[in-house]
Amino acid sequence: MNLKPIRIISKNSDDDDENGGEEATLLSPSSRVFHVPDFNIYIVAIMGWKVPIEIDSIKAEFQRKLLKHPRFSSLQVMDELSHDGNGEIRWVPTTVNIDDHIILPQIAHNNMDTDKLVEQYISNLSTTTIDMSKPLWDFHVLNMKTSQAEATSIFRFHHSLGDGVALMSLLLSCFRTISDPTCLPTLPPSSKGKSNLSISNIWSLIWQYLVKLWVLINLLFNTVMDVLLIAATMLVLKDSQSPFTIAHKSNRQRFIYRTVSLDDIKFIKNTTNVTINDVILGITQAAFSRYIDRNYEVEGKGKMWLERRIRCRAAVAVNLRPSLGVQAIAEMIEKNATVIQGNCFSFAIMPLNISQLEDPLDYVRKAKMSMDRKKHSLETRCIFYILQLIFKFFGIRGVTTLGRVLSHTTLMFSNVAGPLEEVSLAGHPLAFLAPTCYGHPTGLMVHACSYAKQLTFVVAVDEGLIPDPNQLGDDFVDSFMLINEAAITKSRTKVD
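The sequence shown begins at 3 in our numbering and counts up by one.
So this is what it looks like as structure tokens:
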């Protein structure tokens, strides 16, 4: 297939890319953002396999399923530039040559450790982009044995194709469960709050309305304070200088992933009466605190940073659209129906507690306090609609507003639920799944992804920020173990 670089076409539709159904539809503002230089973000799904990869069977599976999705078989083509230099981008269907998207790199071993070779290859990917003369995705195959898998693949998508939740459902529609090769994987159900209020008499009814009134007042107050904090962050409020902040962002990322037991995560959750997200955030806080304490105690700075309670915040990505689910997307693809897919997310600014705590479970408790506070706020919805207004009145260049907010925080954080069962693709059983990103404005990003009975932490770090990111990866495992041991001790104390 001979495709030319971005072509110029005339406007013929004002439809948003979420609507679909048109031959050439516009990218939505949320997707268009990811073509601004400071937000040219790629999603990278690192997958370990229990057997070597047979290329032809993978190609056939993608040809039958993935290429039926319009996002994976369309070019992104720019319209004529407007007077202010901003051009619209449209989806234009094309014929896909699958061989243009399957990458089989030839890597010389030279007696090097294969784990380091794979890590180095993925790191090198962060310095590259995908040519816009073809659909913006590719699949890299590294058929070399590592300590975690018999083979490794890297599925790379441009973020304009969709957000993490949407792409996870789409990707899993190509998989089948190992226990039953005819069954699609399932994702964990969304948690929904349940009301425990009783209205057995008039007094309880009055009390119910008073509680609802207080909840409404609290919701409005928290929302106003959070929006004001976002505005202050956009203008002047920056996180404190620490080992996790960086003055100048480099063009290369390092990706470190560590896997822990999901059953143990659930045990910690049940012991402390919190959510899984609370436990994940608590482990993250403990890992960062541990890293500072160990690496800077020789210089005497670690204690100083931990005691003065540095301002360290995370921009937490939040999905605003219910997931269609793997089953629904698979059926839509089989019927050649329009798949509702795209970017519909916002973020919340979450304070992180970076300190030395005697009880490891306190990291989880403090995480719960922060998470509960954010649950009683409309911050994410407000940010989403504010950004839509900025795009409408100031164009795509208004995204610099978002860039200032994110660059003034320490890290980005995301949590994506993976399949409940062990799965396989074209007869290849999956060993682990580690999604992450590169191209974001911050120098540090943490992802957490569940798969069957395990949970993987993925740290994407700017090469100039942390000398040895593997140490930080080990700190996640060590922090998890300390918190788990504390939970076991607490559980035994209750029994006694």
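All C-beta atoms in this analysis are idealised placements derived from N, C-alpha and C, irrespective of residue type, glycine included.
Item to complete: Give the range of the alpha helix (DSSP H) segment to which L326 is assigned.
Response: It is not in any alpha helix (DSSP H) - L326 carries neither H nor E in the DSSP assignment.
Discussion item. Excluding the 5 residues flanking R296 on each side, which residues of the same chain have their C-beta closer than 6 Å to its C-beta?
Written reply: So no residue of the chain qualifies.
Worksheet item: T235: buried (16+ other C-beta within 10 angstroms of its C-beta) or exposed?
Response: buried
Discussion item. Starting from F395, trace the alpha helix (DSSP H) in both directions and tell me its first and last residue.
Written reply: For F395, the enclosing alpha helix (DSSP H) covers residues 381-396.
Discussion item. Our contact map puts S263 next to E465 with C-beta atoms below 8 Å; I'd like the distance itself, whole angstroms only.
Written reply: Incorrect: roughly 30 Å between the Cβ atoms, too far for contact.
Discussion item. Need the endpoints of the alpha helix (DSSP H) that Q287 sits in, please.
Written reply: 278-297
Practice prompt. Return the first residue and the last residue of the beta strand (DSSP E) that L413 is part of.
Written response: 413-418
Fill in: Between the CA atoms of K147 and V461 - distance to the nearest angstrom
22 Å
Fill in: Euclidean distance between Cα positions of L363 and F415
21 Å
Fill in: Coil, strand or helix - R315 by DSSP
strand
Item to complete: Alpha carbon to alpha carbon, how far is K67 from K118? Give it in angstroms, no decimals.
Response: One C-alpha to the other measures close to 33 Å.
Fill in: Spatial neighbours of S125 in its chain, beta-carbon cut-off 7 Å, leaving aside the 5 residues before and after
If the five residues before and after S125 are omitted, its C-beta is found closer than 7 Å to the C-beta atoms of R254, Q255, R256, F257, all from its own chain and listed in chain order.
Discussion item. For W216, count the other beta carbons within 10 Å of its own beta carbon; 16 or more makes it buried, fewer makes it exposed. Which is it?
Written reply: exposed
Item to complete: Helix, strand or coil for K194, going by three-state DSSP, please let me know.
Response: Note that K194 scores 46 on pLDDT, short of 50, meaning its location in the model is unreliable; the coordinates nonetheless yield the value given after this. DSSP places K194 in coil when its eight states are reduced to three.
Worksheet item: Measuring CB to CB, does I356 end up less than 8 Å from I294?
Response: yes
Worksheet entry | Coil, strand or helix - M483 by DSSP | Three-state result, M483: helix.
Discussion item. Give the list of continuous beta strand (DSSP E) stretches no shorter than 3 residues that lie fully inside the stretch 64-134.
Written reply: If you keep only unbroken beta strand (DSSP E) runs of at least 3 residues inside the stretch 64-134, you get 76-80, 91-95.
Worksheet item: Which residues in the same chain have their Cβ closer than 7 Å to the Cβ of V276, if we skip the five residues on either side of it in sequence?
Response: V366, K370
Item to complete: Under 7 Å Cβ to Cβ from L517, same chain only, skipping five residues before and after it: list those, please.
Response: The displayed coordinates of the chain run from 3 to 498. Any statement about residue 517 would go beyond what the structure contains.
Fill in: Beta carbon of V94 nearer than 8 Å to that of S75
no
Worksheet item: Is the stretch 446-454 touching the stretch 416-426, taking contact as three or more C-beta pairs under 8 Å?
Response: yes
Practice prompt. Could you check what DSSP says for S244 in three-state terms: helix, strand or coil?
Written response: Under the three-state reduction of DSSP output, S244 falls in the coil class, being neither helix nor strand.
Worksheet entry | Contacts around S32, its chain only, beta-carbon distance under 6 Å, and the 5 residues preceding and following it disregarded | N345
Worksheet item: Is D374 buried or exposed, if buried means 16 or more other CB atoms sit within 10 Å of its CB?
Response: exposed
Practice prompt. Starting from the C-beta of G327, find all residues in its chain whose C-beta is less than 7 Å away, skip the five residues before and the five after it, and write them out in chain order.
Written response: The residues are S171, L189.
Fill in: Helix, strand or coil at N272 [DSSP, three-state]
helix
Discussion item. Measuring straight from C-alpha to C-alpha, what distance separates I335 and D133?
Written reply: 26 Å
Worksheet item: Is DSSP giving F478 helix, strand or coil here?
Response: helix
Item to complete: Give me the Cβ distance between L174 and P421, rounded to the nearest whole Å; I'm assuming they're in contact under 8 Å.
Response: 6 Å
Worksheet item: Whose C-beta lies closer than 6 Å to the C-beta of N42 among residues of the same chain, with five residues either side of it excluded?
Response: G441
Worksheet item: Where T377 and E423 are concerned, what is the direct C-alpha to C-alpha distance, given to the nearest angstrom?
Response: Rather than Thr, the amino acid found at residue 377 in this sequence is Lys. Each residue's Cα considered, the two are about 29 Å apart.
Worksheet item: What first and last residue would you give for the beta strand (DSSP E) that runs through R399?
Response: Careful: R399 lies outside any beta strand (DSSP E) and carries neither H nor E.
Practice prompt. Please look up how many angstroms separate the CB atoms of F434 and A151, rounded, as I've assumed it's under 8 Å.
Written response: 7 Å
Item to complete: State the Cα-Cα distance for the pair R494 and M483, rounded to the nearest angstrom.
Response: 16 Å
Worksheet item: Rounded to whole angstroms, how far is the Cβ of R158 from the Cβ of L127, which I believe are closer than 8 Å?
Response: 7 Å
Worksheet item: Would a C-beta distance cut-off of 8 Å place K492 and T273 closer than the cut-off?
Response: yes
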